[in-house]
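K.L.:
Following this message is one structure expressed as structure tokens.
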Amino acid sequence: MEALLILKPPLALLILLSVSALYIASLILISVHCISFYNYYRNLIPYRLYDFLPRLMQTQPFLILIFLITL
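Counted the way my numbering counts, the sequence shown spans residues 68 to 138.
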């Protein structure tokens, strides 16, 4: 962050915005990958786990786990 303070403020803002845009794009790609993985392999998963996964994917801890993995 100190290196960004040396730069001119518009350039520092541009760098921060581009880094945050890349981070958001990576979150979207990871969530799409998880959904496609789930859709592809759902026939191979046992029924109890198959019944449990949609409820797991709708909960907040699962989203927090994806967020922490991408950090």
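Idealized CB from N, CA, C, for every residue including glycine.
Mind checking if C101 is an interface residue toward chain D, Cβ cutoff 8 Å exclusive?
P.N.:
Chain labels in this structure do not include chain D; a single protein chain is all it has.
K.L.:
Does the beta-carbon distance from I133 to S103 come in below 8 Å?
P.N.:
Along the sequence shown, one-based indexing puts residue 133 at 66. Along the sequence shown, one-based indexing puts residue 103 at 36. No, these two residues do not count as a Cβ contact at 8 Å.
K.L.:
Under the assumption that L94 contacts T137 (Cβ atoms under 8 Å), give the Cβ distance between them as a whole number of angstroms.
P.N.:
In the sequence shown, the residue the question calls residue 94 occupies position 27. In the sequence shown, the residue the question calls residue 137 occupies position 70. Their Cβ separation, rounded to whole angstroms, is 6 Å, which keeps L94 and T137 in contact under 8 Å.
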